[in-house]
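Each residue of the sequence shown is one higher than the one before, counting from 2 in the working numbering.
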Amino acid sequence: MKNPMAARVSGMQPTIFTTMTTLAIKHAAVNLGQGFPDFDPPPFIRDAALEALRGPFNQYAPGSGQLQLRQAIANRMADCYRLNYDPRDEILVTVGATEALFAAMMGLLNPGDEVILFEPCFDSYRPAIELAGATARNYTLRPPEWRIDPAELTTLIGPRTRLLLLNSPQNPNGKVYDRAELELIAELCIRHDLVAVTDEVYEAILFDDRQQVPLAGLPRMRERTLRISSLAKTFSVTGWKVGWATGPAELIEAMQRAKQFVTFCGAAPLQIAGAKALEIGEEFYRQLAADYRKRRDFLSALLRDCGMNVLQPQGTYYLMVDISDLGRGNDIEFCRWLVEQIGVAAIPAGPFYADPTDGQNLVRFAFCKSWPILEEAARRLQQGFSR
Ligand SMILES: Cc1ncc(COP(=O)(O)O)c(C=O)c1O
C-alpha cells in the first residue's frame, strides 16, 4: 500500500505531551509535565453527573448543547463580566475548548487568511489554523515580562489578516494580559476589522488579586469576539471535554456549521452536570485560586532553591523556568536529563513556538498535582540538585 497518510496531517508529529508522558512512565518519574490534575474533581460535580446519568439525558443533546448549560453559561457571563449572551443563538457547547477552537478556525477562515498568534502558545492552535488553510503570523513574547510592543505587533497585520487569537491567562507562560494590552489589541482588531477569538479556559485560576478581563467586554469588542472556555480546568474534569463559545450569532453560526459535521454534539449528561456546576457560589472559586496559589508558591520556591530562574506566573497552573544558567543543555536535553536522572518530568518549551529555538532556554512545570506528588518531586529535585 502506498503511504496512506494525507499530506495535510503528515507533518503533524505526536504532541510533546505524549512524548514526555511516555518517558515519565518509562522512568517511573513524578509527572509535572501534562496539564491535568491527578486529584479528584469536587464531589458536587461528580454527584451531578451521576444524577444526570440516571435521568433522561442519555440521548443526543441539541446541536448547540443542552439548554440548561447554555442558560448557566449565560448567567455566569452576566454575573461575572456583565456580558449578556442569548442562550438560543449566542452560545455553542462544544467537545472541550479544543473543538471550539477548531470549529472557530474552520468556520471563520478561508485559505490564504492570516491569524495573529501570541507565542509561546497551546499546541492545538497552529494545526487548527493550518487545517483551515490559513497561516499563523507569530508575535513572540519575550521573558521575563512577556510584554507586547505595539509597533512590533502592528507590523504583523496585513491585508490578509482576518483573525487574532488570544489566550489569557496564557498556557504555558502564565501571562495574564492587563487592561492596557487588551485595549491595544481591541484597538487593532477594530481598526483592521479582525475577528478576535479568546481562549479563557484558565479564567478561574488567577493569582495575586488579578481579575479576569474578557476582551469581549471592551468597548465595541463584543460584536467581533468569540470567547471560548471550558469546565476542564475550573472543575478539574479534563476528561469530560465540555467546552463552549459565546459570541454574536453570526460568529456562533459559522462555528456551528463546522462543528455539526465533526461531533454534532458532546456528552449530554455531562453537559447537564456542567450546568449544575456553574451554579456553585463564589467561595468555590476563591478556594480554587487560593489552593493553586499555594501550589505555585511551593513549586516556585523549590525550583528557585535548585538554582532555576523561575518566571512567576500570574495565572494558570503552570510555571516556566529559564534554564540558561544551569549548564544542562537546551530545553530538550534538560528535560531528558531531568526525567532520566532525577525522576521528574517537565515539558520543553520549544514546541510552544513556531521556531523551537525560541524556547530552547525554557521549560514548563505543571503544579496541578496532589501534595504527596509535589512533595515527592521536591524530595527528588532537592536530592538531585545537591549532588
Ligand atoms: C490554553 C488551552 N486551551 C484549551 C485547552 C483544552 O481545553 P479542553 O480540555 O476543554 O479541550 C487547554 C488544555 O490544556 C489549554 O491549555
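For each residue, glycine too, the CB sits at the ideal point set by N, CA and C.
The structure displayed is predicted, hence computed values, not measured ones.
Does the separation of the CB atoms of LEU363 and MET321 fall below 8 Å?
Cβ atoms of LEU363 and MET321: closer than 8 Å.
Identity of the residue in PRO121, ARG388, GLU251, ARG297 nearest GLY108 by Cα:
Out of PRO121, ARG388, GLU251, ARG297, the CA that lies nearest to the CA of GLY108 is found in GLU251.
What do you reckon, are the CB atoms on ASP114 and ALA135 nearer than 8 Å?
In contact: ASP114 and ALA135 (Cβ atoms closer than 8 Å).
With H, G and I counted as helix, E and B as strand and the rest as coil, what does DSSP make of LEU166?
In this structure, LEU166 counts as strand in the three-state DSSP scheme.
Confirm the yes/no value for this check: CB of SER371, any heavy atom of ligand 2, distance under 7 Å.
The ligand content of the structure shown is limited to ligand 1, which means ligand 2 is not among them.
Applying the criterion that 16 or more other CB atoms from any shown protein chain within 10 Å of the CB defines a buried residue, is ARG287 buried or exposed?
Under this definition ARG287 is an exposed residue.
What did DSSP end up calling GLU201 once you bin it into helix, strand or coil?
In this structure, GLU201 counts as coil in the three-state DSSP scheme.
Please go through the same chain and pick out, in chain order, the residues whose beta-carbon is closer than 7 Å to the beta-carbon of GLY64, but skip the five residues on each side of it.
For GLY64, where only same-chain residues beyond five positions count, the Cβ hits under 7 Å are GLN257, GLN261, PHE265, CYS266.
With a CB to CB cut of under 8 Å and the five nearest residues on each side skipped, what residues in its chain are close to GLN315?
These residues qualify, in order along the chain: PRO170, GLY175, LYS176, VAL177, LEU207, PHE208, ASP209, ARG211.
Is ILE229 near THR162, with beta carbons less than 8 Å apart?
It is not a contact, given that the beta carbons lie outside the stated cut-off.
Shortest alpha-carbon distance to LEU232 belongs to which of PRO215, ALA217, ALA274?
It is ALA274.
So the candidates are TYR203, ILE281, LYS3, CYS190; which of them puts its Cα closest to the Cα of MET222?
In this structure, CYS190 is the residue among TYR203, ILE281, LYS3, CYS190 with its C-alpha nearest to the C-alpha of MET222.
Run through the DSSP bridge pairs and tell me what ARG138 is partnered with.
Its beta-bridge partners are ILE117.
Within 8 Å, do at least three Cβ pairs link the region 59 to 75 to the region 242 to 251?
Taking a cut-off of 8 Å for Cβ pairs, the region 242 to 251 and the region 59 to 75 touch, as three or more such pairs fall below it.
If you follow the alpha helix (DSSP H) that PHE103 is part of, which residue opens it and which one closes it?
Residue range 97 to 109 is occupied by the alpha helix (DSSP H) that includes PHE103.
So GLY344 and ALA50 are in contact, right, with Cβ under 8 Å, and what is the actual spacing, rounded?
Contact flag wrong, Cβ pair sits at about 35 Å.
So PRO215 packs on LEU84, CB below 8 Å; how close in whole Å?
About 7 Å separates the Cβ atoms of PRO215 and LEU84, confirming a contact at the 8 Å cut-off.
Determine the extent of the beta strand (DSSP E) in which TRP372 is found, giving its start and end residues.
Per DSSP, TRP372 lies in no beta strand (DSSP E); the unbroken alpha helix (DSSP H) holding it starts and ends at 372 to 387.
Counting only the same chain and skipping the five closest in sequence on each side, list residues whose C-beta sits under 7 Å from that of GLY159.
Short of 7 Å from the beta carbon of GLY159, and not among the five residues preceding or following it, lie these beta carbons of its own chain, in chain order: GLU115.
PHE368 beta carbon near ligand 1 (any heavy atom closer than 7 Å):
Closer than 7 Å to some heavy atom of ligand 1: that does not describe the Cβ of PHE368.
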